[in-house]
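Asks:
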Amino acid sequence: MVKDTGYYDVLGVQPTATPAEIKKAYRRRAMQTHPDKHPDDPEAQAKFQEVGEAYQVLSDPGLRSRYDEFGKDEAVPQQGFEDANEYFTAIFGGDGFKDWIGEFSLFKEFNEASEMFDEKNDDMTNKPQSEHTGVIPHEGDKPGKKADKMTKEQREKLLELEKKRREEMSKQVDELSKKLNAKIDEYLIAVKENHLDDFVRKLDQEIEELKLESFGLELLYLIAKVYKTKANNFIISKKTYGFSRIFTGTRENARTVKSTYNLLSTGLETQKAMEEMSKVNPDELDAYERVKFESMMAGKALGMMWVMSKFELERKLKDVCSAILNDKKVPSKIRIAKAKAMLFIADKFSKARRTPEEAEEARVFEELILGEQEKERKRGIKIKVTI
């Protein structure tokens with residue numbers, strides 16, 4: 001018996017619901033109550049917030065336990081309830097993927113760099129042109145015009161951010177390598193002790209939860225492709241005494257070049273779209289057109305960030321696999337076994353599928369996040385996972 005079923009009622013689930021069922025119910029109810037779908041309902045935001053609060057409590061084992069036993073008053077997050085949009089826009093995978101892919105540090109670094117330039121440009125806007133470091137004023141320059149060149153301080157700050165990024169990436173690769181190694185060892189023990197069914201059952205349950213994350217299937221497929229490519233290349237290289245690395249290395253480099261080209265192409269398309277949209281004055285639009293315009297702007301930016309994040313993730317996962325397969329401290333025979341374990345996991349990930357209902361929920365959910373960008377993608381401009 002639970003003391004209060006209010007939060008369960010809000011999500012439309014029973015008190016016995018599993019974490020996966022609660023997550024599915026949250027996604028469904030969040031979409032049903034999203035303010036963008038009810039622009040004429042003054043209570044839409046409050047209903048959406050209520051759904052978010054219910055999920056914040058029921059998705060946390062500790063808070064859920066306190067809620068079941070004592071009710072709402074004793075199940076408030078230590079930092080208070082966050083804005084429901086913080087949960088709804090937690091895109092590009094969720095906490096469930098952290099052990100597999102780490103964090104998308106690119107977003108944080110991008111924001112830090114943007115803030116640095118914004119602060120510097122604000123300072124320079126308020127200075128006469130003659131005081132701008134490294135910029136020679138030209139006749140016709142308007143007062144307050146921003147400088148186009150980076151200052152010495154900006155260059156130093158960028159170098160510092162890049163150093164920080166490399167250190168963070170190295171740390172993530174090390175941590176992810178340990179976690180993947182532990183998962184692989186678990187598989188090898190299961191095979192050796194003849195209880196692979198238990199391992200498979202546990203992995204299948206994890207996949208069921210991961211596929212429900214935003215862009216969960218794309219992330220599962222991306223992980224699978226990297227594991228499969230790196231594991232197969234390693235196994236082949238051992239059979240050919242390393243000679244095949246000449247060809248597999250060339251092929252991997254070609255794929256990296258292709259990924260880079262796709263990234264640059266997307267960036268140019270986004271830049272072109274942003275330039276066109278910058279010509280629009282939002283103040284001249286009515287309320288409906290302004291919301292649509294802002295949604296499109298956000299969609300273009302998020303779409304670009306998603307492509308950049310997949311590019312970053314691909315490189316990170318390759319480094320993780322290399323750290324495990326090229327560890328000379330481990331006998332070659334065991335490393336081959338580890339490569340086969342990667343292939344097993346990759347096969348399971350690549351076979352993940354959503355039910356028609358889950359697929360529709362994911363489609364609507366991602367459209368609400370990415371707005372017009374995602375609608376265009378679904379109409380045929382598909383973002384491809386390239387490795």
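Just so we're aligned: the sequence shown equals residues 1 to 387 in the UniProt record's numbering.
All C-beta atoms in this analysis are idealised placements derived from N, C-alpha and C, irrespective of residue type, glycine included.
1) Take the Cβ of T16 as the centre, count every other Cβ of all protein chains shown within 10 Å, and call the residue buried at 16 or more, exposed below.
2) Quick check: L325 and A339, are their CB atoms within less than 7 angstroms of each other?
3) Per DSSP, what kind of secondary structure is L188 in: helix, strand or coil?
4) Would you check if the distance between the CB atom of A224 and the CB atom of F349 is smaller than 7 angstroms?
5) Is A182 helix, strand or coil by DSSP?
6) Taking 8 angstroms as the threshold, find out whether the segment 313 to 329 comes into contact with the segment 195 to 203 through three or more Cβ pairs.
7) Roughly how many angstroms separate the alpha carbons of L212 and K183, rounded to a whole number?
8) Among residues of its own chain, excluding the 5 on either side of K316, which ones have a beta-carbon nearer than 8 angstroms to its beta-carbon?
9) Just the C-alpha distance for K47 and D9, rounded to the nearest angstrom, thanks.
10) Which runs of the alpha helix (DSSP H) fall wholly inside the segment 9 to 96 and span at least 4 residues, in chain order?
11) What would DSSP say about S214, mapped onto helix, strand or coil?
12) For Q56 and K239, I'd like the C-alpha separation in whole angstroms.
13) Pick from E69, D99, F234: whose alpha carbon is nearest that of L180?
14) I need the straight-line Cα distance from A75 to R66, nearest angstrom please.
15) Can you tell me which of the three DSSP states A341 falls into?
16) Near E53, what residues of its chain come up, given a Cβ to Cβ distance below 7 angstroms and the 5 sequence neighbours on each side ignored?
17) Taking buried to mean at least 16 other C-beta atoms within 10 Å of its own C-beta, is A25 buried or exposed?
18) Buried or exposed for E70, going by 16 or more other Cβ atoms inside 10 Å?
19) If you measure between the beta carbons of V51 and R29, is that distance less than 7 angstroms?
20) Taking the beta carbon of L210 as the centre, do at least 16 other beta carbons fall within 10 Å, making it buried, or is it exposed?
21) For a quick check, are the C-beta atoms of P35 and Q49 less than 7 angstroms apart?
22) Which two residues bound the contiguous alpha helix (DSSP H) that contains D99?
23) K152 to L158, Cα distance in whole Å?
24) Tell me, to the nearest whole angstrom, how far the beta carbon of A352 is from that of L203; I am working on the premise that it is less than 8 angstroms.
25) Where T5 and K178 are concerned, what is the direct C-alpha to C-alpha distance, given to the nearest angstrom?
26) Buried or exposed for Q14, please, with buried defined as at least 16 other CB atoms from any protein chain shown within 10 angstroms of its CB.
27) Taking the Cβ atom as the reference point for each residue, do R342 and A231 lie within a distance shorter than 7 angstroms?
28) Buried or exposed for R166, going by 16 or more other Cβ atoms inside 10 Å?
29) Between P19 and the rest of its own chain, which residues show a CB-CB distance below 6 angstroms, the 5 nearest in sequence each way excluded?
30) Quick one: what does DSSP say V330 is sitting in, helix, strand or coil?
31) Please report the distance separating the alpha-carbon of D41 from that of T33.
32) Pick out whichever of M31, G12, R335, E312 has its Cα sitting closest to the Cα of L58.
Replies: Checking against the coordinates, here is how it stands:
1) exposed
2) yes
3) helix
4) yes
5) helix
6) no
7) 21 angstroms
8) I101, G102, M169, Q172, V173, L176
9) 13 angstroms
10) 19 to 33, 44 to 58, 61 to 70, 84 to 88
11) coil
12) 51 angstroms
13) D99
14) 6 angstroms
15) helix
16) F81
17) buried
18) Residue identity check: residue 70 is Phe in the sequence provided, not Glu. F70 should be labelled exposed.
19) yes
20) buried
21) no
22) 98 to 101
23) 10 angstroms
24) No, A352 and L203 are not in contact; Cβ-Cβ is about 11 angstroms, not under 8 angstroms.
25) 41 angstroms
26) exposed
27) In the sequence on display, residue 342 carries Met and not Arg. Against a cut-off of 7 angstroms, the Cβ pair of A231 and M342 comes out as a contact.
28) exposed
29) none
30) coil
31) 10 angstroms
32) G12
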